[in-house]
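With positions in the sequence shown counted from 1, the corresponding number in the numbering used here is that position plus 31.
Here's the structure we're looking at; comments come further down.
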Amino acid sequence: VITMSDLDLEGLRVLIREDLNVPIKQGKVASDARLRAAIPTIQAALDGGAKVMVMSHLGRPEEGTFDAEASLQPVVDYLNDALDVPVRLVRDYLNGVEVNSNEVVVFENVRFNKGEKKNDDALAQQLAALCDVFVMDAFGTAHRAQASTHGVAKYADVACAGPLLAAELDALGKALANPARPLVAIVGGSKVSTKLTVLESLSGVVDQLIVGGGIANTFIAAAGHNIGKSLYEEDLMDEAKRLVAAAQAKGGDIPLPSDVVTGKEFSESAVAETKAVNTIANDDMVFDIGPDTAAAFAKILEQAGTIVWNGPVGVFEFDQFGEGTKALANAIANSKAFSIAGGGDTLAAIDKYGIADKISYISTGGGAFLEFLEGKKLPAVAILEERALNG
Ligand code: 3PG
């Protein structure tokens with residue numbers, strides 16, 4: 032694909048699609064990782080002499096109306112503090128906007144536009160008409176074929192990838208295509224069903240797959256243990272057995288936790304009990320891996336050449352069930368492996384345990400990161416490739 036740095040932007044109207052979809056609490060940005068990742072792109076366009084317009088979605092508002100709850104105003108306030116030039120939020124932009132070289136114009140939430148989600152052609156053409164160059168930089172939204180990610184790239188005079196998108200594709204692509212071995216993946220989170228294709232495609236490329244969180248519960252049950260009242264997916268037990276058998280046929284394994292941390296209720300005040308995996312009681316819920324398991328997994332991570340991490344291995348938002356995730360986070364932080372991490376919960380865990388600067392690459396993608404790991408083609412990237420080939 033063509034990248035922004037290939038182009039002379041002097042005096043051109045440049046429309047950048049970023050993923051500025053960040054959590055907002057009480058009218059303020061609550062986590063700025065995505066904003067920090069987008070700022071260098073915006074700055075580079077300003078430095079190149081462009082007339083800079085930025086657009087993004089925020090949340091999942093109803094289309095066709097303005098919804099103050101989903102306004103990008105808090106993001107614009109943040110950008111105003113972070114950049115040296117004024118940043119201005121514009122609500123009506125589809126019929127044209129005046130932009131000067133020494134400012135940034137941010138378009139109000141693109142999901143207020145009717146037709147955004149279904150990638151409406153007329154809307155995409157309107158967006159494309161606003162710029163000379165469209166820069167797709169929103170890796171976090173590249174798995175969505177919507178008017179502001181895919182349609183506009185189809186119709187803009189020039190469409191290119193921004194530096195953040197290019198860096199994400201490069202880092203994740205390299206880690207998976209030609210990884211330093213052994214390649215170890217940790218997949219956690221609550222359900223096998225949401226990660227089944229990730230588990231399947233990773234099991235084909237990794238040397239060692241580690242499962243944790245609610246996902247591990249299904250594997251524990253599949254191995255014939257009592258899982259008590261824990262969250263697990265009975266209908267995916269055969270799938271879990273198949274994945275384990277396939278790993279074993281390759282001479283590897285998907286290791287089961289040997290011990291777990293349980294509670295009697297899902298609550299901040301639940302009492303944590305550590306027990307062997309074969310002693311889970313009928314009224315227990317498994318909320319974390321136990322210390323022996325964490326140590327065994329940490330040892331595997333210590334020897335890894337590359338680590339891919341998606342999903343916590345326990346209910347880490349409650350401290351008494353966070354020790355497993357904390358132990359693995361520290362093991363990743365201390366390992367010499369090239370490590371990549373992505374996904375909303377994973378980033379929250381990285382923040383909580385303060386290891387952000389010890390991870391080699393942190394992706395801004397949630398769903399997009401997963402789809403990349405699944406080996407899927409991201410539609411907003413595919414259109415840039417098509418444009419690069421066919422103009
Ligand atoms: C994300 O947070 O994963 C992206 O911003 C995409 O948001 P969406 O799932 O609402 O399309």
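Idealized CB from N, CA, C, for every residue including glycine.
Neighbourhood of residue i by C-beta distance below 8 Å, restricted to the same chain and skipping five residues each side
i	result
Met-86	Leu-46, Ile-47, Arg-48, Glu-49, Val-137, Phe-138, Val-141, Leu-158 and Ser-179
Ala-303	Val-292, Thr-293, Gly-294, Phe-318, Asp-319, Gln-351 and Phe-352
Leu-66	Leu-51, Val-53, Val-60, Val-106, Tyr-109, Leu-110 and Ala-113
Asn-341	Ala-216, Ile-217, Val-218, Gly-219, Gly-220, Lys-226, Val-229, Ala-372, Gly-373, Gly-374, Thr-377, Phe-400, Leu-401 and Leu-404
Tyr-392	Ala-202, Leu-203, Ala-206, Phe-369, Ser-370, Ile-371 and Ala-372
Glu-134	Val-83, Val-116, Pro-117, Val-118 and Arg-119
Ala-153	Gly-146
Met-268	Thr-249, Ala-252 and Ala-253
Leu-233	Ala-216, Val-218, Leu-240, Val-339 and Leu-404
Ala-75	Met-35, Ser-36 and Pro-194
Neighbourhood of residue i by C-beta distance below 6 Å, restricted to the same chain and skipping five residues each side
i	result
Lys-82	Arg-44, Val-130 and Ser-132
Val-412	Ala-173
Leu-110	Val-118
Asp-151	Ala-178
Ala-197	Thr-34
Gly-396	Phe-170, Gly-171 and Gly-373
Gly-58	Pro-105
Phe-349	Glu-299
Asn-257	Ile-311
Phe-347	Gly-353, Thr-356 and Ala-380
Ala-362	Ala-329 and Leu-332
Gly-390	For the record, residue 390 in the displayed sequence is Ile; it is not Gly. Here the set comprises Ser-370 and Ala-372.
Distance between residue j and residue i (C-alpha atoms, nearest Å)
i	j	result
Leu-415	Phe-297	45 Å
Thr-231	Ser-36	Just to set this straight, residue 231 is Glu in the shown sequence, not Thr. Rounded to the nearest angstrom, the two C-alpha atoms are 36 Å apart.
Phe-97	Phe-143	6 Å
Val-242	Lys-281	17 Å
Asp-238	Ile-55	39 Å
Ser-394	Ile-33	21 Å
Lys-145	Leu-51	20 Å
Leu-120	Leu-103	8 Å
Asp-123	Ala-101	16 Å
Ala-372	Lys-383	14 Å
Thr-249	Lys-408	29 Å
Ala-192	Gly-406	20 Å
Gly-422	Val-183	14 Å
Ala-364	Ala-252	31 Å
Ala-155	Gly-127	14 Å
Glu-270	Asp-284	15 Å
Gly-95	Glu-147	9 Å
Pro-92	Ala-99	10 Å
Ala-64	Ile-70	10 Å
Ser-224	Ile-246	9 Å
Tyr-186	Leu-200	23 Å
Thr-324	Thr-305	11 Å
Pro-213	Glu-417	35 Å
Leu-125	Arg-175	21 Å
Cys-162	Lys-149	21 Å
Pro-410	Ala-190	14 Å
Val-275	Gly-235	12 Å
Ala-419	Lys-272	44 Å
Ser-62	His-88	16 Å
Ala-160	Val-166	14 Å
Presumed contact (8 Å Cβ cut-off) between residue i and residue j, rounded CB distance
i	j	result
Ala-360	Ala-380	6 Å
Thr-356	Val-339	That belief does not hold up - the Cβ atoms of Thr-356 and Val-339 are roughly 16 Å apart, past 8 Å.
Glu-41	Gly-79	7 Å
Gly-244	Gly-219	4 Å
Thr-72	Asp-168	5 Å
Leu-16	Val-164	Outside the displayed range of the chain (32 to 422) lies residue 16, so it cannot be described from this structure.
Asp-290	Gly-321	3 Å
Ala-278	Leu-240	6 Å
Val-308	Pro-288	6 Å
Leu-195	Ala-358	Their Cβ separation, rounded to whole angstroms, is 31 Å, which puts Leu-195 and Ala-358 out of contact at 8 Å.
Sequence-distant residues of its chain with Cβ nearer than 7 Å to residue i (five each side left out)
i	result
Ser-4	Here the chain covers residues 32 to 422 and nothing more, so residue 4 does not appear.
Gly-398	His-174
Check your understanding: Would the stretch 177 to 190 and the stretch 201 to 214 be scored as touching if the rule is three or more Cβ pairs under 8 Å?
Key -> These segments do not touch.
Check your understanding: Near ligand 1, which residues have their beta-carbon less than 6 Å from any of its heavy atoms, given in chain order?
Key -> In chain order, the qualifying residues are Asp-50, Asn-52, Arg-91, Gly-171, Thr-172, Arg-175, Gly-397 and Gly-398.
Check your understanding: Three or more beta-carbon pairs under 8 Å between the stretch 314 to 327 and the stretch 289 to 296, yes or no?
Key -> Yes, the stretch 314 to 327 touches the stretch 289 to 296.
Review point. Per the contact definition of three or more C-beta pairs closer than 8 Å, is the stretch 321 to 331 in contact with the stretch 257 to 272?
Key: Too few Cβ pairs lie closer than 8 Å, so no.
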